[in-house]
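Residue numbers (the working numbering), protein chains in the order written: chain U, 55 to 382; chain Y, 55 to 382.
This report refers to the structure that appears directly beneath it.
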């Protein structure tokens, strides 16, 4: 089978591609070809035994999608997006890429016609929800995003459900928790500190914690995110019904619980590298974010996390990203 | 103040304009000018003491909105849409008018800049909800439409909330119940029979009832719909917060309760003009529709219906549309 990955140069995209190449199959079907698309060239995977094609173009360009669909990929993983902070800072760019780009893709799929009916896995976000929240956000809670990014994701969810209902494609939207521990360097995302306070101390670096220890948030590891994508790409979608967008399982943890887990896994020295420096702006942003979910539908449909506790998240990070080592 | 009505040639639009002209003011502000826009020319109101301008253009055309906004209307009533059945039959036309048209409008408002910040009242629909439902749909129930029309309305709701949050306009979306009794002739809308079984017998005509008597639905009179629009155009929006889209109050009634009310108000002869002719297609469509709501937010924000019982709805129709008379 031929798989198309949109947004392949991003962190989750890279990890997904690594997994696809390592597995060699998706579900019970052998992968014969993978196309990696992004606005910057995705890295050519080393030692790939499957033909991998790298395509670079602007996802927001109405003409970008058709050539990608010409070979009729059976599964499309759509991870292309600009992030929350950038969509808020640049209103036009956010709508152009996160909304118009997706709509062009859907229209291009529909335009192929002739029985083409690919599985489309869309990475949505818990940013489709906006405060005030119940203690746990359930599967029937409304989407009232408080960011333009969340608005764009919520709109794409509606479009994918309608295009699926009309028979143009077979869509599944998965709302990823915040990915933790996110590898790489600290960035300017307001949510960055949830990963920084784990990743940086493990690397012997200081990390800044801008919120209080009682802030709760909803996390999943990169390993879980890839697992959700694979499952969404292979599951029997008949069982989903018309509500095609699902909040993914995760772990609710307070910052204090994150830090306690870090201490259990690594010791006091590592934890001492976290510097508390309250930032009222970030505290204000984070106050509007989802904290906890009940994800019964996703669990019933077979989505599972790769971790049971936050300790597991830290251990998986040490194994997957640090070769089993950290700076004690 | 200057008021712009989009979709002014439709039934609700005409009734809104009649009310605005009769009142001469909106809230505590005198109306100095009204612009009526539609794809077909709205009728020039007779005896209007306020200047009324009629503009005809295609709402889906990106160039349509700017000229309408040039005189900077302070309140815009946006009722322009193609209806549910047509949006389902013609996928492209539905998205072009109901989604792209609204987006062009929002962008054109934003493009005016220079402190322009109009109140935008958007007529959404209970079609944003899709089965399965709880017994009553509450203010925090998710939007999972089962029609392209409902999808387009739900997307416009999200856009209006985001454009409001970003400070480009002051939007309020109101989800109208099914309007009953809808004046005019029977049409092909699947929901038409809810009005047909009242309006046609009152006019001495036979009406076909295609569903069973226990089918429950959510109704409001044309008088209530106009009242909702006026309130949305005048209310203090600070009290709403970021959740700018509200399910409007209405009356839940079964078809059997509608018929019993008709008999109470008019007698057995009128009711005898209803012919039961079950239609499995219409029964299937109606089974996916919302039946009942709790509309606490809208009520707390001052939205009220013009009727307490279905008997009131019938009496209002006889008064407003039939000059107080019916065929006994």
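Yeah, the Cβ is synthetic: ideal placement off N, Cα and C, and Gly gets one too.
- Query: Thinking just about the alpha-carbon of each residue, which of 213/Y, 253/Y, 249/Y and 154/Y is nearest to the one in residue 296/Y?
  - Reply: 213/Y
- Task: Could you list which residues in chain U have their beta carbon closer than 9 Å to that of residue 202/Y, in chain order?
- Result: 216, 219 and 220
- Tell me which same chain residues have a C-beta within less than 6 Å of the C-beta of residue 277/Y, skipping the five on either side of it? 360 and 370
- Residues of the segment 289 to 302 of chain U with Cβ closer than 7 Å to any Cβ of chain Y, in chain order: 296 and 297
- Message: If contacts are defined as beta-carbon pairs under 8 Å, then residue 256/U and residue 308/U qualify, I think. What distance do you get, rounded to the angstrom?
- Response: That pair is no contact at about 19 Å.
- Message: Rounding to the nearest angstrom, what Cα-Cα distance links residue 246/Y and residue 261/Y in this structure?
- Response: 11 Å
- Task: Please name the residue or residues paired with residue 270/U in a DSSP beta bridge.
- Result: 308/U
- Item | Residue from 206/U, 287/U and 67/U whose Cα sits closest to the Cα of residue 55/U | 287/U
- Query: Does the separation of the CB atoms of residue 197/U and residue 75/Y fall below 8 Å?
  - Reply: no
- Query: Under a three-way DSSP split, which group does residue 261/Y fall into?
  - Reply: strand
- Short CB-CB distance (under 8 Å) between residue 194/Y and chain U: yes
- Item | Contact with chain U by residue 349/Y, beta-carbon distance below 8 Å | no
- Determine the direct distance from the alpha carbon of residue 209/Y to that of residue 127/Y, and round the result to whole angstroms. 24 Å
- Task: Could you tell me which residues DSSP pairs with residue 301/Y in its beta bridges?
- Result: 229/Y
- Query: Thinking just about the alpha-carbon of each residue, which of 156/U, 192/U and 234/U is nearest to the one in residue 183/U?
  - Reply: 192/U
- Message: Check this for me: beta carbons of residue 332/U and residue 265/U, under 8 Å apart or not?
- Response: yes
- Query: Any C-beta of chain Y sitting closer than 8 Å to the C-beta of residue 197/U?
  - Reply: yes
- Any C-beta of chain Y under 8 Å from that of residue 176/U: no
- Taking Cβ positions only, does residue 364/Y come closer than 8 Å to chain U? no
- Is DSSP giving residue 179/U helix, strand or coil here? strand
- Item | residue 191/Y - DSSP class collapsed to helix/strand/coil | strand
- Starting from residue 368/Y, follow the alpha helix (DSSP H) in both directions and report where the run begins and ends. 364 to 375
- What do you get for residue 92/Y, buried or exposed, if any count of 16 or more other CB atoms within 10 angstroms of its CB means buried? buried
- Item | Length of the line joining the Cα atoms of residue 367/U and residue 343/U | 21 Å
- Inter-residue spacing [alpha-carbon to alpha-carbon] between residue 385/U and residue 243/U: Any question about residue 385/U goes unanswered here, given that chain U covers just 55 to 382.
- Item | Validate contact between the segment 94 to 103 of chain Y and the segment 158 to 173 of chain Y using beta carbons, cut 8 Å, 3 pairs | no
- Could you name the residues that DSSP lists as bridge partners for residue 84/Y? 79/Y
- Query: Does residue 257/Y come within less than 8 Å of chain U when only Cβ atoms are used?
  - Reply: no
- Using only alpha-carbon positions, find the residue among 115/U, 299/U, 252/U and 86/U that is nearest to residue 225/U. 299/U
- Would you list, in chain order, the members of the segment 116 to 141 of chain U that have their beta-carbon closer than 7 Å to a beta-carbon of chain Y? none
- Task: Apply the 10 Å Cβ neighbour rule to residue 185/Y and answer buried if 16 or more other Cβ atoms are within range, or exposed otherwise.
- Result: exposed
- Query: What first and last residue would you give for the alpha helix (DSSP H) that runs through residue 218/Y?
  - Reply: 202 to 219
- Based on Cα-Cα distance, which residue from 179/U, 135/U and 124/U lies nearest to residue 114/U? 135/U
- Query: Buried or exposed: where does residue 215/Y fall if 16 or more other Cβ atoms within 10 Å of its Cβ makes it buried?
  - Reply: buried
- Three-state secondary structure (DSSP) at residue 256/U? helix
- Query: Just curious, the alpha helix (DSSP H) that residue 284/Y is in, first and last residue?
  - Reply: 276 to 288
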